[in-house]
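Participant: Please read through the structure below; I'll follow up with questions.
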Amino acid sequence: MTGWQETPPTAVLILRDGTRLEGRGIGATGSAVGEVCFNTAMTGYQEILTDPSYAGQIITFTFPHIGNVGTNDEDIETLNMAASSGVRGAVIRADITSPSNYRSAEQLDVWLKKRGIIGIAGLDTRALTALIREKGMADAVIAHAEDGKFDDAALRAGLDAFPGLEGYDLAKEVSTTQTYRWDETSWRWGEGYGRVEDPQFHIVAIDYGAKRNILRCIADQGARVTVLPATATAEDVMAHNPDGVFLSNGPGDPAATGEYAVPAIRKIIETGKPVFGICLGHQLLGLALGGTTRKMHQGHHGANHPVKNLATGKVEITSMNHGFAVDRDSLPEGVVETHISLFDGSNAGLAVDGKPIFSVQYHPEASPGPQDAHYLFKRFMDHVREHKGAPAAAQ
Numbered sequence: 001m002t003g004w005q006e007t008p009p010t011a012v013l014i015l016r017d018g019t020r021l022e023g024r025g026i027g028a029t030g031s032a033v034g035e036v037c038f039n040t041a042m043t044g045y046q047e048i049l050t051d052p053s054y055a056g057q058i059i060t061f062t063f064p065h066i067g068n069v070g071t072n073d074e075d076i077e078t079l080n081m082a083a084s085s086g087v088r089g090a091v092i093r094a095d096i097t098s099p100s101n102y103r104s105a106e107q108l109d110v111w112l113k114k115r116g117i118i119g120i121a122g123l124d125t126r127a128l129t130a131l132i133r134e135k136g137m138a139d140a141v142i143a144h145a146e147d148g149k150f151d152d153a154a155l156r157a158g159l160d161a162f163p164g165l166e167g168y169d170l171a172k173e174v175s176t177t178q179t180y181r182w183d184e185t186s187w188r189w190g191e192g193y194g195r196v197e198d199p200q201f202h203i204v205a206i207d208y209g210a211k212r213n214i215l216r217c218i219a220d221q222g223a224r225v226t227v228l229p230a231t232a233t234a235e236d237v238m239a240h241n242p243d244g245v246f247l248s249n250g251p252g253d254p255a256a257t258g259e260y261a262v263p264a265i266r267k268i269i270e271t272g273k274p275v276f277g278i279c280l281g282h283q284l285l286g287l288a289l290g291g292t293t294r295k296m297h298q299g300h301h302g303a304n305h306p307v308k309n310l311a312t313g314k315v316e317i318t319s320m321n322h323g324f325a326v327d328r329d330s331l332p333e334g335v336v337e338t339h340i341s342l343f344d345g346s347n348a349g350l351a352v353d354g355k356p357i358f359s360v361q362y363h364p365e366a367s368p369g370p371q372d373a374h375y376l377f378k379r380f381m382d383h384v385r386e387h388k389g390a391p392a393a394a395q
């Protein structure tokens with residue numbers, strides 16, 4: 001009779017401080033380096049894994065059952081459906097089970113392989129989350145080898161060469177390289193996605209790593225959208241004669257992206273056009289208005305984050321995904337803080353006095369997450385209508 005033998009690990013996660021965690025490999029084989037963060041959402045793992053704002057990061061899911069509803073071609077957030085969003089890896093607690101959902105078209109493990117995303121299962125994700133909460137988001141290398149053989153020295157060398165996200169401009173890596181039009185509207189039960197009919201307004205969106213559902217929410221308001229690359233100048237934007245300008249979400253350090261984005265945004269502000277920013281777009285707008293940004297200790301990632309609207313006193317449950325924040329104390333006179341995080345009090349929104357310019361740090365388009373903040377897209381379009389002298393929209 002042979003003795004019991006433990007199955008050897010086929011994946012490892014090595015943090016910069018030397019912490020070495022072993023588990024079972026999922027997804028693509030090979031290795032990748034990135035910053036480890038944790039996401040507290042209970043649903044929407046496919047949207048999270050295709051969100052370009054996660055470029056350069058390894059996502060630890062705090063919800064233990066990831067993959068149980070499979071994947072499909074509708075719940076994808078990156079604008080390039082055939083490519084990865086830039087996510088470097090995924091860390092999950094339980095093994096991926098066979099999918100149980102009528103919308104499932106493919107098992108998560110197969111889907112990860114096709115997108116080149118390396119994953120590790122079987123880790124104590126609560127312990128890893130606690131470590132991040134205590135010490136901050138750590139740089140790490142994730143590796144998956146089917147034979148369970150790892151060259152730790154080589155993996156460590158790759159990690160040592162990773163500069164970290166501070167000072168790293170990732171927007172160029174995930175942005176579109178070509179201008180195109182967008183007219184797809186939100187998904188409806190039994191119908192799928194629609195198309196905007198007879199659009200009243202024209203919005204130019206600068207793509208720093210835009211999510212598909214943000215563009216759908218703008219189209220829902222009766223607008224056609226022209227999407228421009230992250231490096232678009234103010235002259236590029238104004239050449240399309242927009243009724244308003246949207247600054248998208250995206251990954252990386254806003255100060256690095258701001259080297260080319262901030263001058264363009266400042267010129268756009270001078271035109272008087274309505275401007276709306278989300279996430280990285282919010283941070284870039286803050287920089288353009290004279291503020292500064294800072295790296296956060298653990299960041300905010302999840303679909304259950306409370307934000308207080310300082311104008312109304314209401315609390316919104318929101319989706320968040322950011323590792324940098326606008327420093328409220330740096331905002332100049334005339335720029336008002338409109339929202340704050342109830343987790344740590346950090347800035348979550350701003351507006352310019354007397355001008356149709358505002359932004360939020362969270363994701364009002366949900367996907368995944370609640371729809372408490374969908375009103376912000378209507379607010380943006382109300383600014384557009386007022387600027388054009390058009391009639392107010394029906395309530």
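Using the UniProt record's numbering, the first residue of the sequence shown is number 1, and each one after it goes up by one. Beta carbons are placed, not taken as given, at the ideal position from N, Cα and C, and that holds for glycine.
1) By the DSSP assignment, the beta strand (DSSP E) with asparagine 347 in it spans what residues?
2) May I ask you to list the residues that DSSP assigns as paired with alanine 205?
3) Do you know whose CA, among Gly354, Glu337, Lys355, Gly258, lies nearest leucine 280's CA?
4) Nearest to leucine 342 by alpha carbon, out of Ala351, Asn309, Ile58?
5) Roughly how many angstroms separate the alpha carbons of glycine 148 and alanine 154, rounded to a whole number?
6) Classify valine 262 as helix, strand or coil using the three-state DSSP reduction.
7) Could you spell out the range, first to last residue, of the alpha helix (DSSP H) harbouring tryptophan 187?
8) Per DSSP, what kind of secondary structure is leucine 49 in: helix, strand or coil?
9) In this structure, does DSSP put proline 306 in helix, strand or coil?
10) Give the straight-line distance between the Cα atoms of leucine 284 and glutamate 106, rounded to the nearest whole angstrom.
11) Where phenylalanine 276 and isoleucine 265 are concerned, what is the direct C-alpha to C-alpha distance, given to the nearest angstrom?
12) In this structure, does DSSP put leucine 285 in helix, strand or coil?
13) Can at least three beta-carbon pairs, one atom from the stretch 296–308 and one from the stretch 69–82, be found at a separation below 8 Å?
14) In whole angstroms, what is the alpha-carbon distance linking arginine 24 and aspartate 124?
15) Measuring CA to CA, which of Gly244, Tyr54, Glu77 is closest to lysine 273?
16) Check for me: the beta strand (DSSP E) holding phenylalanine 61 runs from which residue to which?
17) Could you give the residue range of the alpha helix (DSSP H) that holds arginine 216?
18) Which residues in the same chain have their Cβ closer than 8 Å to the Cβ of histidine 144, if we skip the five residues on either side of it in sequence?
19) Suppose the cutoff is 6 Å on Cβ atoms and the five residues either side in sequence are ignored; what does the same chain contact list for arginine 181 look like?
20) Examine the Cβ distances between the stretch 189–201 and the stretch 354–369 and report whether three or more of them are shorter than 8 Å.
21) DSSP state of aspartate 382, grouped into three classes?
22) Within 10 Å of its beta-carbon, does glutamine 178 have 16 or more other beta-carbons around it, so buried, or fewer, so exposed?
23) To the nearest angstrom, report how far apart glycine 222 and arginine 20 are at their CA atoms.
24) Can you give the Cα-Cα distance for tyrosine 97 and valine 335, rounded to whole angstroms?
25) Report the option in Leu287, Thr233, Ser248, Pro163 whose CA atom is closest to the CA atom of alanine 205.
26) Would you tell me roughly how many angstroms separate the C-alpha atoms of isoleucine 59 and valine 36, rounded to the nearest one?
27) In whole angstroms, give me the CA-to-CA distance for aspartate 51 and glutamate 6.
Facilitator: So, to answer that:
1) Mapped onto the sequence shown, residue 347 falls at position 347. 347–352 is the span of the beta strand (DSSP E), which, as asked, contains asparagine 347.
2) For the purposes of this step, residue 205 is identified with residue 205 of the sequence shown, where counting begins at 1. Answer by DSSP bridge pairing, in chain order: Val227, Phe246.
3) As a first step, residue 280 must be located in the sequence shown, where it is residue number 280. Residue Gly258 is the option with its Cα nearest to leucine 280.
4) On the sequence shown, position 342 is the one that residue 342 refers to. For the residues Ala351, Asn309, Ile58, the minimum Cα distance to leucine 342 belongs to Asn309.
5) On the sequence shown, residue 148 is found 148 positions in, with the first residue counted as 1. On the sequence shown, residue 154 is found 154 positions in, with the first residue counted as 1. About 15 Å.
6) Taking the first residue of the sequence shown as 1, we reach residue 262 at position 262. Residue state, collapsed to three classes: helix.
7) As a working note, residue 187 is residue 187 in the sequence shown. Here tryptophan 187 belongs to no alpha helix (DSSP H), and DSSP marks it neither H nor E.
8) As a working note, residue 49 is residue 49 in the sequence shown. Helix, per DSSP.
9) Numbered from its first residue, the sequence shown carries residue 306 at position 306. Strand at proline 306.
10) Position 284 of the sequence shown holds residue 284. Position 106 of the sequence shown holds residue 106. The alpha-carbon atoms of leucine 284 and glutamate 106 are separated by roughly 37 Å.
11) As a first step, residue 276 must be located in the sequence shown, where it is residue number 276. As a first step, residue 265 must be located in the sequence shown, where it is residue number 265. Computed Cα separation, rounded: 11 Å.
12) Within the sequence shown, the letter at position 285 stands for residue 285. Residue state, collapsed to three classes: helix.
13) no
14) Within the sequence shown, residue 24 is the residue found at index 24, counting from 1. Within the sequence shown, residue 124 is the residue found at index 124, counting from 1. Whole-angstrom Cα-Cα distance: 12 Å.
15) Residue numbering aside, residue 273 sits at position 273 when the sequence shown is read from its first letter. Nearest C-alpha to lysine 273: Gly244.
16) Here residue 61 is taken as the residue at index 61 of the sequence shown, counted from 1. Segment 57–61, the beta strand (DSSP E) holding phenylalanine 61.
17) If you number the sequence shown from 1, residue 216 lands on position 216. From DSSP, the alpha helix (DSSP H) with arginine 216 extends over 212–220.
18) As a position in the sequence shown, residue 144 is number 144, starting the count at 1. The answer, listed in chain order, is Thr10, Ala11, Gly25, Ile26, Gly27, Ala28, Thr29, Gly30, Ser31, Ile118, Gly119, Ile120.
19) Looking up residue 181 in the sequence shown gives position 181. Thr226.
20) no
21) Counting from 1 along the sequence shown, the entry for residue 382 is found at position 382. Of the three classes helix, strand and coil, the one that applies to aspartate 382 here is helix, per DSSP.
22) For the purposes of this step, residue 178 is taken as the residue at position 178 of the sequence shown. Its Cβ having fewer than 16 others within 10 Å, glutamine 178 is exposed.
23) Position 222 of the sequence shown, counting from 1, holds the residue named residue 222. Position 20 of the sequence shown, counting from 1, holds the residue named residue 20. Distance between the alpha carbons of glycine 222 and arginine 20 is about 51 Å.
24) Walking along the sequence shown from the start, residue 97 turns up at place 97. Walking along the sequence shown from the start, residue 335 turns up at place 335. Note that residue 97 corresponds to threonine in the displayed sequence, not to tyrosine. Taking the straight line joining both Cα atoms gives about 49 Å.
25) Stepping through the sequence shown from its first residue, residue 205 is reached at position 205. Cα-wise, what sits closest to alanine 205 is Ser248.
26) Taking the first residue of the sequence shown as position 1, residue 59 is located at position 59. Taking the first residue of the sequence shown as position 1, residue 36 is located at position 36. Approximately 6 Å, taken between the alpha carbons.
27) Position 51 of the sequence shown, counted from the start, is the residue given in the question as residue 51. Position 6 of the sequence shown, counted from the start, is the residue given in the question as residue 6. Aspartate 51 and glutamate 6: Cα-Cα distance of roughly 36 Å.
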